[in-house]
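Numbering (the working numbering), first residue to last: 941 to 1465.
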């Protein structure tokens, strides 16, 4: 029984301890759960606080942005309102000004209307007076006719025929006098006008002239290069001369060789080829022929560019590329030492200036001037005829107008001129070629020609002085009026002209002017 009691007590104790343990576990669980709950509550409070703070910040930012937006919108509105007010104010000012102008015009129209009404009244009164006067005059004329018929014993028709016959005779004489006077005035005016036009064109054209020589100098980097150009036994220099068609002169001139030849085109090809060979350093017959061929192709490009450049400088557009190539070739051709392209460009500028002053189309005139010498660069195997005829045919072939083609082919009087453009090309060509410095002519030769001109003029009797003017294009001769009369002066001018033609050679033409002046001088004391 004691054992049973012990077991019962032990079970009770065990149960008590079990309950204590359960209570302790529950208490521990409740403690930790409460701790987590408190932590969660604190975290939630913190989150709420942070969210509230962030919301407050966002709210302030939105309020600030809203205030800025309102301020900006207000400023934009005020600015737009100000601009509208200014615009409205400007419109109001213009309207006020227009109203004032209209008022002034109305006043002016009213004044004019009053003036017109007063003038109309005056005219009506004058018209009435004129009608009365004309009726009275008619009566007087009728009375006069009756009296004249009684005095002259002629009818009205007979008297009219007699008066008309006398009037016709007087008019014929007066017309003859007027015609002679007008012819003289037209001649003087035309001469003065042509001089003004030509002088203005020459003054506006100030292009330079250089006489092309027959040699071209190529500079070398050193004198050793001369030996490489000559080559073994002269094979390199012979190959270059044969390929380019020129003479290569290598003398004692330091660091230079001379290319000689009368064809500027071939000299330029030889110059380009020689410069390329010097730069490359490989100089042998095979390489020389190759470089010369490349130089020829390069020259074609240069020729085209030269033609295009001149056309651009003269503002000439729409010209066929083949014509531009022919124009570019003129740069490598000379006539009496004058560069062909420079001469052509000057002729175009001269004719353009003269055409403008005569009321013609300067573009057509300048095209004709630019193309007038292209026949000189065409091979005779391709085209037959003089360079003017060939040039005209080429102009037609490549789409130029008939005025241009005719001006080109007629500038040496070989074809009849169909328009004034031909005459202008002829005149501009003579001006460009004849003035001093345009063509190769030394100063000594030029001065000697002028001296010979004055000598020929002074060799005739009755001449007191003679002056060569206009660069030898004009000779003015002053004669003694007591020894030479007006008729003899005309004959003298013709004789001097013949002698100049027989004894002198000159480009263009020389104008001979004989001046005879009779003066009577007295002194009042």
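The beta-carbon is built from N, C-alpha and C at its ideal position, and this holds for glycine as well.
Nearest-angstrom Cα separation, counted from residue j out to residue i
| i | j | result |
| --- | --- | --- |
| residue 1407 | residue 1426 | 20 Å |
| residue 1402 | residue 1458 | 14 Å |
| residue 1446 | residue 1204 | 25 Å |
| residue 1143 | residue 1332 | Model confidence at residue 1143 stands at a pLDDT of 45, short of 50, so the residue's coordinates are unreliable; what they give is reported in the following sentence. Approximately 29 Å between the Cα atoms of the pair. |
| residue 947 | residue 955 | 12 Å |
| residue 1341 | residue 1311 | 12 Å |
| residue 1367 | residue 1444 | 22 Å |
| residue 973 | residue 991 | 26 Å |
| residue 1293 | residue 1286 | 11 Å |
| residue 1017 | residue 1024 | 10 Å |
| residue 1162 | residue 1168 | 11 Å |
| residue 1013 | residue 1001 | 18 Å |
| residue 1393 | residue 1412 | 8 Å |
| residue 965 | residue 994 | 42 Å |
| residue 1348 | residue 1244 | 21 Å |
| residue 957 | residue 976 | 28 Å |
| residue 1269 | residue 1334 | 15 Å |
| residue 1026 | residue 1020 | 10 Å |
| residue 1003 | residue 986 | 25 Å |
| residue 1184 | residue 1233 | 9 Å |
| residue 1108 | residue 1101 | 10 Å |
| residue 979 | residue 968 | 16 Å |
| residue 961 | residue 951 | 15 Å |
| residue 953 | residue 981 | 41 Å |
| residue 1065 | residue 1098 | 39 Å |
| residue 1352 | residue 1240 | 29 Å |
| residue 989 | residue 1011 | 32 Å |
| residue 1430 | residue 1250 | 46 Å |
| residue 1042 | residue 1049 | 10 Å |
| residue 998 | residue 983 | 22 Å |
| residue 1038 | residue 1052 | 20 Å |
| residue 1252 | residue 1258 | 11 Å |
Among the options, the one whose alpha carbon lies nearest that of residue i
| i | options | result |
| --- | --- | --- |
| residue 1223 | 1178, 1192, 1191, 1200 | 1178 |
| residue 1326 | 1350, 1247, 1183, 1309 | 1350 |
| residue 1454 | 1422, 1418, 1440, 1441 | 1418 |
| residue 1193 | 1182, 1171, 1180, 1164 | 1164 |
| residue 1450 | 1027, 1086, 1434, 1456 | 1434 |
| residue 1389 | 1414, 1011, 1036 | 1414 |
| residue 1160 | 1220, 1057, 1079, 1105 | 1220 |
Span of the alpha helix (DSSP H), counted from its first residue to its last, around residue i
| i | result |
| --- | --- |
| residue 1234 | 1225-1253 |
| residue 1165 | 1164-1170 |
| residue 1476 | Residue 1476 lies beyond the residue range present for the chain, which begins at 941 and ends at 1465; the question has no answer from this structure. |
| residue 1426 | 1426-1443 |
| residue 1343 | 1342-1349 |
| residue 1188 | No alpha helix (DSSP H) contains residue 1188, which is instead part of the beta strand (DSSP E) from 1187-1189. |
| residue 1318 | From DSSP, residue 1318 is part of no alpha helix (DSSP H); its letter is neither H nor E. |
| residue 1314 | Premise fails: residue 1314 is in no alpha helix (DSSP H) and is neither H nor E. |
| residue 1330 | 1327-1337 |
| residue 1423 | First-last for residue 1423: undefined, no H or E at that position. |
Terminal residues of the beta strand (DSSP E) in which residue i lies
| i | result |
| --- | --- |
| residue 1196 | 1196-1200 |
| residue 1298 | Run containing residue 1298: none; DSSP gives neither H nor E here. |
| residue 1155 | 1155-1159 |
| residue 1417 | 1414-1419 |
| residue 1456 | 1451-1456 |
Short Cβ contact (7 Å threshold) for residue i with residue j
| i | j | result |
| --- | --- | --- |
| residue 1330 | residue 1344 | no |
| residue 1371 | residue 1306 | no |
| residue 1314 | residue 1365 | no |
| residue 1209 | residue 1236 | yes |
| residue 1338 | residue 1260 | yes |
| residue 1271 | residue 1246 | yes |
| residue 1295 | residue 1309 | no |
| residue 1188 | residue 1195 | no |
| residue 1156 | residue 1206 | no |
| residue 1436 | residue 1397 | yes |
| residue 1354 | residue 1328 | yes |
| residue 1358 | residue 1346 | yes |
| residue 1273 | residue 1225 | no |
| residue 1456 | residue 1421 | yes |
Closer than 7 Å to chain C by CB, residue i
| i | result |
| --- | --- |
| residue 1034 | In summary, chain C is missing from the structure at hand, where a single protein chain is found. |
Worksheet item: So, do the segment 1193-1200 and the segment 1228-1235 have three or more beta carbon pairs nearer to each other than 8 Å?
Response: no
Worksheet item: Between the segment 1267-1282 and the segment 1293-1307, do at least 3 Cβ pairs fall closer than 8 Å?
Response: no
Item to complete: Assess, as a yes-or-no matter, whether the segment 1205-1219 is touched by the segment 1252-1267 under the definition of 3 or more beta carbon pairs within less than 8 Å.
Response: no
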